[in-house]
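Chains as they are written, first to last, in my numbering: chain G, 1 to 421; chain W, 422 to 712; chain S, 713 to 985. For each residue, glycine too, the CB sits at the ideal point set by N, CA and C. Everything on this sheet refers to the single structure shown next.
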Amino acid sequence: MRRTHAALLLVLLAVSGCGGHRDVTELRFWAMGRESEVLAALLPDFEREHPGLRVRIEQLPWTAAHEKLLTAVAGDATPDLCQLGNTWIPELVALRALEPLDARLAATPAIDRADYFEGIWQTNLIREAAYGVPWYVDTRLLFYRSDLLHEAGFAEPPRSWAEWRQVLAAIAARSHGERFGVLLPLNEFEPLLALALQQPEPLLADGGLRGNFTNPGFERTLDFYVGMFRDHYAPPVGNAQIANVWTEFGKGYFTFYISGPWNIGEFQRRLPPELTGRWMTAPLPGPEGPGASIAGGASLSIFRRSRHQAEAWQLIEYLSRPAVQQRFHQLTGDLPPRRSAWAAPALAQDPFARAFRDQLERARPTPRVPEWEQIVTEMRIVAERVVRGEFTVHEGAVELNARADRILAKRRELAAEGKLL
Amino acid sequence: MTRAQAGLLLAAPALVVIAVFFFLPVLAALALSLTDFDLYALADSGYLRFVGLRNYVQLLGNPLFWQALGNTLYFTVVGVPLSLAVSVGTAVLVHSRLARCRGLFRTALFAPVVTTVVAVAVIWRYLLHTRYGLINYGLGKLGFAPIDWLGDPHFAMPAIILFAVWKNFGYNMVIVLAALQNIPEDLYEAAELDGAGAGQQFLRITLPMLGPTLLFVSIMTVAGYFQLFAEPYVMTLGGPGQSTLSVLYLLYEEGFKWWNLGRASAVAFVLFLMMFAATALQMRLGRQAAA
Amino acid sequence: MRRRPATWLVNGALLVVAALTLFPLFWMFAASLMPAGQSSTYPPPLWPSRPTLANYRELFAHAGIGRQLLNSLVIATSATLLALTFNVAAGYAFAKLDFPGRQRVQQILVGALVIPAQVAMLPLFLMLKSLGLVNTLAGVLVPSLAGVFSIFLVRQAALTVPDELLDAARIDGAGELTIFRRIVLPLLTPILVTLAVFTFLGAWNDFLWPLIVLNDGDRYTLPVALASLSREHVQDSELMMAGSVVTVVPVLALFLALQRYYMQGLTAGAVKG
Chain G
1 MRRTHAALLL VLLAVSGCGG HRDVTELRFW AMGRESEVLA ALLPDFEREH
51 PGLRVRIEQL PWTAAHEKLL TAVAGDATPD LCQLGNTWIP ELVALRALEP
101 LDARLAATPA IDRADYFEGI WQTNLIREAA YGVPWYVDTR LLFYRSDLLH
151 EAGFAEPPRS WAEWRQVLAA IAARSHGERF GVLLPLNEFE PLLALALQQP
201 EPLLADGGLR GNFTNPGFER TLDFYVGMFR DHYAPPVGNA QIANVWTEFG
251 KGYFTFYISG PWNIGEFQRR LPPELTGRWM TAPLPGPEGP GASIAGGASL
301 SIFRRSRHQA EAWQLIEYLS RPAVQQRFHQ LTGDLPPRRS AWAAPALAQD
351 PFARAFRDQL ERARPTPRVP EWEQIVTEMR IVAERVVRGE FTVHEGAVEL
401 NARADRILAK RRELAAEGKL L
Chain W
422 MTRAQAGLLL AAPALVVIAV FFFLPVLAAL ALSLTDFDLY ALADSGYLRF
472 VGLRNYVQLL GNPLFWQALG NTLYFTVVGV PLSLAVSVGT AVLVHSRLAR
522 CRGLFRTALF APVVTTVVAV AVIWRYLLHT RYGLINYGLG KLGFAPIDWL
572 GDPHFAMPAI ILFAVWKNFG YNMVIVLAAL QNIPEDLYEA AELDGAGAGQ
622 QFLRITLPML GPTLLFVSIM TVAGYFQLFA EPYVMTLGGP GQSTLSVLYL
672 LYEEGFKWWN LGRASAVAFV LFLMMFAATA LQMRLGRQAA A
Chain S
713 MRRRPATWLV NGALLVVAAL TLFPLFWMFA ASLMPAGQSS TYPPPLWPSR
763 PTLANYRELF AHAGIGRQLL NSLVIATSAT LLALTFNVAA GYAFAKLDFP
813 GRQRVQQILV GALVIPAQVA MLPLFLMLKS LGLVNTLAGV LVPSLAGVFS
863 IFLVRQAALT VPDELLDAAR IDGAGELTIF RRIVLPLLTP ILVTLAVFTF
913 LGAWNDFLWP LIVLNDGDRY TLPVALASLS REHVQDSELM MAGSVVTVVP
963 VLALFLALQR YYMQGLTAGA VKG
């Protein structure tokens with residue numbers, strides 16, 4: 001037994017003693033998806049400039065990032081800084097998890113607010129206080145196989161929903177059910193959200209206290225979206241069933257794919273060389289011509305509980321430098337939020353980025369309520385069930401509205417009591 | 422030191438731990454389920470309010486809860502009998518006087534039980550792949566069209582059941598095997614003299630003698646199957662179309678994804694009541710069958 | 713002999729069932745040795761064209777799975793030692809040392825067996841938060857410190873220790889704790905091994921609780937790391953299979969080495985419980 005106790009003690013020591021004891025400050029930085037993989041290439045320069053700092057990157061998969069973040073906040077186990085989808089900022093501010101950055105912004109020459117695209121900067125403000133610095137901008141538009149488009153008899157990508165359906169019908173007629181016109185992964189909400197933002201009606205009513213999905217505009221969008229599956233233009237699958245999006249795009253399994261800027265880099269890196277020049281990007285078609293899309297993107301934020309806020313800020317300053325942003329763009333295809341970074345030839349002359357710059361002019365923000373992530377998750381779930389025929393389009397809209405209202409119930413009560421900040 | 426003192430001294434550490442880290446949280450969960458503890462309350466306890474039974478009422482009015490309940494019952498009602506049938510079948514085979522290398526077979530059939538759910542669920546996800554999976558390849562050889570196992574709402578739950586049966590049957594098999602070894606051999610010899618065939622022997626001797634054991638494993642398996650979580654978490658994320666969303670998955674999503682701890686605690690207690698009811702029902706049926 | 717066909721039938725059926733049962737594990741191993749992309753070809757290959765250890769190198773060099781292997785080892789070992797310390801003493805006390813309230817407490821504990829652990833999970837998380845134990849290995853260990861099932865397992869075994877033996881020691885003047893250490897523990901060794909194997913496997917394979925408590929990749933256990941990896945690398949099936957091998961092989965090996973004890977515990981708990 002005594003030996004067991006000794007062993008127990010040893011193990012407990014090992015468990016408790018896993019922190020570092022070095023002189024360098026370690027910054028814990030949470031990043032997601034492709035960005036987290038690329039960051040390692042940008043950090044050596046930063047660490048050379050700041051010999052006392054080490055950055056430890058934590059890679060989160062996008063599908064688990066949101067819950068991991070909330071769990072960390074709930075458990076007081078947040079990192080020093082983080083890459084945040086800008087739609088999550090209201091939620092984390094409501095949780096009082098983020099540090100306001102206004103004082104640091106006012107003191108720094110490195111980040112010039114006027115140089116940033118205004119719409120994107122806005123998504124980081126909650127009641128006029130800034131809680132994040134935009135890292136990259138993100139909107140969703142069409143990636144398409146130009147060669148397959150030509151084969152189907154079209155020289156230009158579609159600009160309106162009607163044109164798009166014509167193209168899809170032509171592709172469907174040629175492919176005999178073995179290939180598809182468009183891939184709209186059922187496990188992503190972004191394609192439907194982008195199309196929904198093209199309607200004039202806002203997605204939430206009463207200043208974000210109620211759902212607003214039972215209106216003609218949203219139902220039109222939902223019907224258009226579901227129609228793509230109904231008419232077999234889109235396969236009813238999630239990303240998990242597409243073994244490999246890039247391989248399948250290369251094989252021509254689908255012609256159109258709604259996605260974001262990071263895929264410029266991924267496509268260039270992963271598609272076989274013979275596909276060079278056979279794919280392109282185009283703005284998202286809208287109901288009556290080029291339509292709106294999501295004003296998305298990621299910001300860099302500092303957590304309130306961080307004990308290394310000054311150091312974390314240094315890293316944000318570094319990553320916001322136009323030169324670093326240009327390198328970041330080369331590595332990922334992600335689009336910089338600063339105009340000066342767009343001036344670089346690599347970006348200004350990039351044919352794939354052109355559609356994005358055009359699309360960014362028509363980027364619309366999503367409602368800024370803490371419950372948004374949950375509502376948009378329900379949007380995806382309900383839409384999937386409409387696609388599978390469990391609800392009609394109208395029933396789906398009603399169901400989604402009911403779910404949104406349920407999620408917003410507490411917010412309405414707080415507002416009624418005047419306790420909503 | 423008296424015996425009583427020594428008993429207290431030896432039992433106390435475990436009892437204190439169980440009281441602090443189990444009973445206390447269970448009571449706290451009951452209290453939590455009567456509040457609207459959520460994201461707002463997490464940030465500031467001033468937003469926390471007592472809401473009585475509202476969480477339970479809302480839960481019962483939420484179609485998603487009924488769907489999760491339905492999925493869980495589907496998994497249990499189909500999965501448990503299937504698991505038990507395979508367990509009994511393999512146990513009888515291994516127990517058979519004719520079987521060679523019994524120990525080896527027992528170990529082989531038991532192996533999936535000790536493996537990590539997450540790891541083997543990952544394997545099955547690839548085996549079940551619509552186009553490149555070996556299961557569809559095998560079915561294709563037999564002349565069946567490929568099935569979109571994890572992408573079709575009608576097949577996702579059957580796929581998870583298949584997986585669960587594969588993963589779990591060995592456990593009950595070993596227990597049943599031990600019970601088979603306790604059945605006196607002369608019962609069979611007597612039946613053989615009466616001219617009963619193998620099938621009749623199984624029905625008239627084996628099954629009745631296994632009764633108490635089957636009741637026990639059935640209760641344990643039902644309790645385990647009610648706690649379905651890791652399989653859909655790894656294989657389907659609760660999809661497609663929420664067709665593999667289980668009650669425990671719903672609890673995880675409400676609690677640890679959206680941090681509606683009040684509502685999640687209500688789900689936890691409903692799950693508890695369900696498991697309690699299922700256990701009581703089986704004991705009752707078992708007693709009736711024995712009488 | 714009339715037995716011949718029946719013998720063939722029984723052993724044939726056993727072979728088929730065993731082959732089907734082991735096939736997924738075999739394929740995991742085979743695919744883990746395939747070069748990237750080979751398993752996603754049609755017809756699905758059963759064996760790598762050219763076996764390679766590249767997936768394992770990738771896992772250990774880039775994904776840092778060595779760290780998580782260590783975490784799993786530390787957690788499962790600590791959980792085992794802690795469970796032994798707490799449950800063996802309590803199990804013996806419940807079997808042989810009549811202390812005030814023993815019956816009562818025992819009934820309450822039996823009742824607790826019906827309550828699923830998930831009920832306690834949410835408040836337990838809030839407790840760990842106030843203790844500062846979220847995202848620590850110690851936080852993962854808390855629920856496995858003591859377990860009702862384990863206490864009863866030990867109690868069943870301890871009941872078989874003859875009272876005369878204990879009384880004889882008492883007459884010789886041995887204290888109660890000395891009796892526990894010198895006489896009872898050696899007699900209980902088989903059940904201790906059983907309990908150790910059970911706890912180790914349970915802690916190694918546990919998923920939900922570590923998934924909730926840990927949010928730092930460096931502290932993940934293997935199952936949590938694997939689940940996270942499988943979301944990010946859906947298309948890298950060979951890599952995932954290597955990860956599965958690393959996760960599964962240690963427990964399989966432990967089971968094969970100590971299966972006698974494992975099976976004993978399993979049937980003891982079932983037949984008597």
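Proximity test, Cβ basis, 8 Å: P661 of chain W and chain S: no
Residues of chain S with a CB under 8 Å from the CB of L682 of chain W: which are they? L834 and L838
Nearest to A425 of chain W by alpha carbon, out of S:L941, S:L781 and S:G813? S:G813
Option nearest A489 of chain W by Cα separation, candidates W:L525, W:G707, W:L706 and W:L671: Checked all of W:L525, W:G707, W:L706 and W:L671; the closest Cα to A489 of chain W is W:L671.
Cβ pair F303 of chain G, L125 of chain G closer than 8 Å: no
Would you mind listing the beta strand (DSSP E) stretches within the region 48–114 of chain G that are 3+ residues and don't spill past its ends, in chain order? Whole beta strand (DSSP E) segments, 3+ residues: 53–60 and 81–85.
Would you mind giving the Cβ-Cβ distance between L889 of chain S and A427 of chain W, rounded to the nearest angstrom? I have them listed as a contact below 8 Å. 6 Å
Say whether chain S places a C-beta atom closer than 8 Å to the C-beta of F565 of chain W. no
Relative to the C-alpha of G859 of chain S, which residue among W:A450, W:I439 and W:M422 is closest? If we check each option's Cα against that of G859 of chain S, W:I439 comes out closest.
On a Cα-Cα basis, can you pick out the residue from G:E163, G:P185, G:L335 and G:A152 that is closest to S175 of chain G? G:A152
Report yes or no: do three or more beta-carbon pairs, one from the region 280–292 of chain G and one from the region 132–149 of chain G, lie closer than 8 Å? Under the Cβ criterion (8 Å, minimum of three pairs), the region 280–292 of chain G counts as touching the region 132–149 of chain G.
Top-ranked residue by Cα proximity to D733 of chain W, from G:R388, G:I407 and G:H394: Coverage of chain W is limited to positions 422 through 712, which leaves residue 733 of chain W absent and any answer about it impossible.
8 Å Cβ cutoff, I924 of chain S in contact with chain G: yes
List the DSSP bridge partners of V133 of chain G. G:L300
For Q199 of chain G and G217 of chain G, which I take to be in contact (beta-carbon distance under 8 Å), what is that distance rounded to the nearest angstrom? 3 Å
Contact under 8 Å by Cβ, S146 of chain G with W279 of chain G: yes
Is the beta carbon of T214 of chain G less than 8 Å from the beta carbon of V376 of chain G? no
Buried or exposed (CB count within 10 angstroms, at least 16 for buried), H21 of chain G: For H21 of chain G, the predicted model reports a pLDDT of 47, less than 50, meaning its position is unreliable and no value from the coordinates is stated.
As assigned by DSSP and simplified to three states, the class of I714 of chain W: Residue coverage of chain W in this structure runs from 422 to 712, which leaves residue 714 of chain W outside it and unanswerable.
Closer than 8 Å by beta-carbon distance: list the chain S residues that pair up with D76 of chain G, in chain order. K841, G844 and V846
Taking all protein chains shown into account, do 16 or more other C-beta atoms lie within 10 angstroms of the C-beta of T493 of chain W, making it buried, or fewer, making it exposed? Per the 10 Å Cβ criterion, buried.
If the cut is a Cβ gap below 9 Å, which residues of chain S does G554 of chain W touch? P756
The beta strand (DSSP E) spanning F180 of chain G covers which residue range? Boundaries of the beta strand (DSSP E) around F180 of chain G: F180 to L183.
Cutoff 8 Å: K68 of chain G Cβ touching any chain S Cβ: yes
So with CB distances below 8 Å, who are the chain S contacts of Q648 of chain W? P828 and Q830
Burial state of A698 of chain W (16 or more Cβ within 10 Å): Counting Cβ neighbours within 10 Å, A698 of chain W comes out exposed, since fewer than 16 surround it.
Shorter than 8 Å from the beta carbon of L401 of chain G to some beta carbon of chain S? Here residue 401 of chain G turns out to be Asn, not Leu, going by the sequence shown. By this cut-off, N401 of chain G is not an interface position.
Might you give, ordered along the chain, the residues of its own chain that have their beta carbon closer than 8 Å to the beta carbon of Y804 of chain S, omitting 5 neighbours on each side? Excluding sequence neighbours, Y804 of chain S sits near V866, R867, A870, F892, V896 and L900.
Counting only beta-carbon separations shorter than 8 Å, does G859 of chain S have a partner in chain A? The chain labelled as chain A is not found among the protein chains of the depicted structure, namely G, W and S.
Against chain G: residues of the region 673–707 of chain W by CB proximity under 8 Å: F677, K678, W679 and W680
Alpha-carbon to alpha-carbon, V386 of chain G and V226 of chain G: 7 Å
According to DSSP, simplified to helix, strand and coil, what is R364 of chain G? strand
Strictly below 8 Å CB to CB, what residues from chain W border T872 of chain S? Simply none; closest approach about 17 Å.
Residue nearest to A450 of chain W in terms of C-alpha spacing, selected from W:A685, W:M696 and W:M695: W:A685
Check whether the Cβ atoms of V936 of chain S and L951 of chain S lie closer than 8 Å to each other. no
Tell me which same chain residues have a C-beta within less than 8 Å of the C-beta of V854 of chain S, skipping the five on either side of it? Correct list, in chain order: L836, L840 and L845.
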